[in-house]
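Here is the structure we will look at.
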Amino acid sequence: MTYDAIVVGSGMTGGWAAKELTEKGLKTLVLEAGPPTLPERDYVEHVPSWEMKFRGMGHRRRLQEDQPIQSTCYACDEWSAKFFVSDKENPYTTEAGKPFSWIRGRQVGGRSIMWGRQVYRWSDLDFEANLREGIAIDWPIRYADLAPWYDYVEDFIGISGEALGLSHLPDSRFLPAMKLNCAEVVVQHAIAKHFGAERLLTIGRAAVLTTPHRGRAACHYCGPCERGCITRSYFSSVNATLPAAQQTSRMTLRPNSVVHSVSFDPKSRRAIGVRVIDAGTHRWLEFQGKVIFLCASALESARILLNSTTAEFPNGLANSSGELGHNLMDHVKGGGATAIIPGNENHVVIGRRPNGIYVPRFRNVKTNQKEFLRGYGFEGGGHREGWQRGILQTGFGTDFKRSLSQPGPWRFSFQGYGECLPSHANYVELDKEKVDAWGIPVLKIHCAWGDNERAIRTDMAATAAEMLASAGARRIQPFIDDDPPGFSIHEMGTARMGRDPKSSVLNSFNQAHDVKNLFVTDGAAMVSSSCVNPSLTYMALTARACDYAVRQMKNGEL
Ligand SMILES: Cc1cc2nc3c(=O)[nH]c(=O)nc-3n(C[C@H](O)[C@H](O)[C@H](O)COP(=O)(O)OP(=O)(O)OC[C@H]3O[C@@H](n4cnc5c(N)ncnc54)[C@H](O)[C@@H]3O)c2cc1C
Ligand code: SF4
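Read in order, the letters of the sequence shown correspond to residues 1355 to 1912 in this note's numbering.
As structure tokens, then:
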């Protein structure tokens, strides 16, 4: 049987492709490398630590052996480790002295299960930056091309947040915003007073429902969203897009299907299907489709194409430009500051708000920064210190124990997320000497921060500290951590869009220049990185590409 469409991957972007293509009438096969996810069996957000074997501290030996890279991610704990890949089964290599943290999920839902749910629109400050500065290539689209698709995606997923009217961080279609806590209000007012129109603090924009929305319940603030959400209150493909696709009866979802490569017919110059290895039996299978959507994540989609060699494309399918695998980016983080905000000791928070604060980019927006191009935003927030507050509270005996049963002072932290410049020198290739558990060649990743990213990180620490000082904070500790690329989990750029087939892999609709019925709609398509979290833009690009592909098919052009 030939499917109308094959979607590879069922995470953030694969879920959107599945929903859009099936709703537009296409019989769609969704191939997912990992096992099924059953919310009633697999979601564990309400399991208390005393019911966990290691009381929430994790099976350290197992993690060290099987997930040494994944377990460095804050969200990979004793509950949610099962949503992260086995590093043993899914290895990759890096160049000496250039570490890269590749944090992945391999199950139905991909990383949309464990993500942080922060969602921000891009603006023309981002889309025009490469052109303005003569860096890499120009984006083939502008904000106006994507704005209706942001609207479309946001209407479906539900985003809570505060409208600010900023041109460089356009407002989404918001559900009611979550509330700041009192320490955050103190810092918000101080920033408004001391930094005038330049900087502001707002509540994070989050794909978490504050009111019931399209059959999904409002969030009840239980807190650990990376473990799943039985009330489907945050957006994931398992919670929202895959059920919508299922409802059309046009989706065939095949878990445990590891896509090796895309098959190409040189006569028609079309992709005709995909080669798959069954994850359980290791048997080879082949599926045919009229149109192929790669949504396996930026690096995995590049890997599939690099593994899809033909006589015409010896260096990877759709790679006549030679850009496939290149221009790898991630957001630079690791710069910020933390401090104690005095006062408000009679206030506590009720519930665990699954969201923090956001300070939109303020560098190189209206002014010119000499030290670096582009900019960064801050995530973070305020909380009462717990009983582990260490050096902040010393003592001895009964009184000390009693004092620890009370919440500590208010702590506030800023964590910067900065833009990374695209560079041809940051790239992935196939490692000819290593294969994964299914015998598929793995990636060798070559990626390092440049001077611009390092300068951004240094500035983050300085501006975070000065904002805390303006709020009368005590014990201000600026930090500049040496987080490697990949650790922001926003990897992108390995099959970039562009107008010219000589310098880009995809056109402005995520369609491969060289193979018309092949689309790549995950982060691989990005031409620059902005400083805001990218998944909302991936989803909007995916919905837009699906609309285009179906129109092309209906017009007989595909
Ligand atoms: C802890 C954490 C916090 C995050 N926070 C945020 C945030 O706040 N905001 C934000 O914008 N982003 C955030 N992200 C990043 C976000 O999760 C990703 O940008 C997003 O999931 C990418 O979507 P995707 O569809 O490309 O990939 P994924 O969601 O990773 O899905 C890819 C799917 O493809 C499957 N696959 C891979 N290879 C193959 C193959 N060969 N054959 C078949 N299937 C395959 C995988 O198993 C997976 O299910 C976070 C990620 C993590 C882990
Ligand atoms: S905090 Fe809200 S969104 Fe997160 S798991 Fe709990 S109910 Fe779901």
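Beta carbons: idealized from backbone N, C-alpha and C, even for Gly.
Item                                                                                                                                                                                   : Value
Going by C-alpha to C-alpha distance, which of C1885, D1492, T1602, I1631 sits closest to M1814?                                                                                       : C1885
Indicate whether D1441 and Q1418 have their beta-carbon atoms separated by less than 8 Å.                                                                                              : no
Would you give the residue range spanned by the alpha helix (DSSP H) that L1860 belongs to?                                                                                            : Segment: none, L1860 is in no alpha helix (DSSP H) and carries neither H nor E.
State the start and end residues of the unbroken alpha helix (DSSP H) segment that holds D1478.                                                                                        : 1478-1481
Hey, would you say the C-beta of C1649 is under 7 Å away from at least one heavy atom of ligand 2?                                                                                     : no
What residue does the beta strand (DSSP E) around L1607 start on, and which one ends it?                                                                                               : 1605-1608
Should T1635 go down as buried or exposed, given a rule of 16 or more other Cβ atoms within 10 Å for buried?                                                                           : exposed
Exposed or buried, what is E1807 when buried is set at 16 or more other beta-carbons lying within 10 Å of its beta-carbon?                                                             : buried
Just to confirm the assignment, what range does the alpha helix (DSSP H) spanning T1635 have?                                                                                          : Segment: none, T1635 is in no alpha helix (DSSP H) and carries neither H nor E.
Would you say the beta carbon of H1967 comes nearer than 7 Å to a heavy atom of ligand 2?                                                                                              : This structure cannot speak to residue 1967, because the chain is shown only from 1355 to 1912.
Identify whether F1732 lies in helix, strand or coil by the three-state DSSP scheme.                                                                                                   : strand
Can you check which of these residues, E1787, W1456, P1839, T1812, is closest to F1726 by C-alpha distance?                                                                            : T1812
Give every residue of the same chain whose Cβ lies closer than 6 Å to the Cβ of T1367, excluding the five residues on either side of it in the sequence, and list them in chain order. : C1649, T1875, D1876, Y1892, T1896
Please tell me whether C1427 has its Cβ less than 8 Å away from any Cβ of chain B.                                                                                                     : The question asks about chain B, but that chain is absent: this structure has only one protein chain.
Tell me, please, whether the stretch 1711-1727 touches the stretch 1518-1527 by the rule of three or more beta-carbon pairs shorter than 8 Å.                                          : yes
Out of W1764, G1770, G1740, Y1771, which one is the CA nearest neighbour of R1756?                                                                                                     : G1740
Can you give me the C-alpha to C-alpha distance between R1898 and D1868, rounded to a whole angstrom?                                                                                  : 20 Å
Cβ of H1574 within 7 Å of any heavy atom in ligand 2?                                                                                                                                  : yes
Within 10 angstroms of its Cβ, does K1373 collect 16 or more other Cβ (buried), or is it exposed?                                                                                      : buried
CA-CA distance, H1685 and L1775?                                                                                                                                                       : 9 Å
Please state whether DSSP places I1457 in a helix, a strand or coil.                                                                                                                   : coil
Counting only runs that start and end within the stretch 1513-1594, where is the alpha helix (DSSP H) found for 4 or more residues in a row?                                           : 1536-1549
Quick check on E1787: does DSSP put it in helix, strand or coil?                                                                                                                       : strand
Determine the DSSP secondary structure at F1408, reduced to helix, strand or coil.                                                                                                     : coil
Among S1883, M1880, L1872, which has the Cα closest to the Cα of Q1906?                                                                                                                : L1872
Per the contact definition of three or more C-beta pairs closer than 8 Å, is the stretch 1613-1625 in contact with the stretch 1651-1664?                                              : yes
On the DSSP letters alone, give me the boundaries of the alpha helix (DSSP H) that V1904 sits inside.                                                                                  : 1889-1908
Using 7 Å as the cut-off, classify the Cβ of G1577 as near or not near the heavy atoms of ligand 2, replying yes or no.                                                                : yes
Below 8 Å between beta carbons: does that hold for I1646 and R1829?                                                                                                                    : no
Could you check whether C1579 and L1682 sit closer than 8 Å to each other, using their CB atoms as the reference points?                                                               : no
Would you tell me roughly how many angstroms separate the C-alpha atoms of W1476 and L1758, rounded to the nearest one?                                                                : 44 Å
Please return the same chain residues whose Cβ sits closer than 7 Å to the Cβ of G1582, not counting the five positions on each side in sequence.                                      : P1393, D1396, Y1397, V1398, E1399, I1467
Any heavy atom of ligand 1 within a distance shorter than 7 Å of the CB on H1636?                                                                                                      : no
Between Y1428 and ligand 2, is the CB less than 7 Å from at least one heavy atom?                                                                                                      : no
For R1743, which of R1765, Y1474, P1502 has the nearest alpha-carbon?                                                                                                                  : R1765
Taking all protein chains shown into account, decide if G1459 is buried (16 or more other Cβ within 10 angstroms of its Cβ) or exposed.                                                : buried
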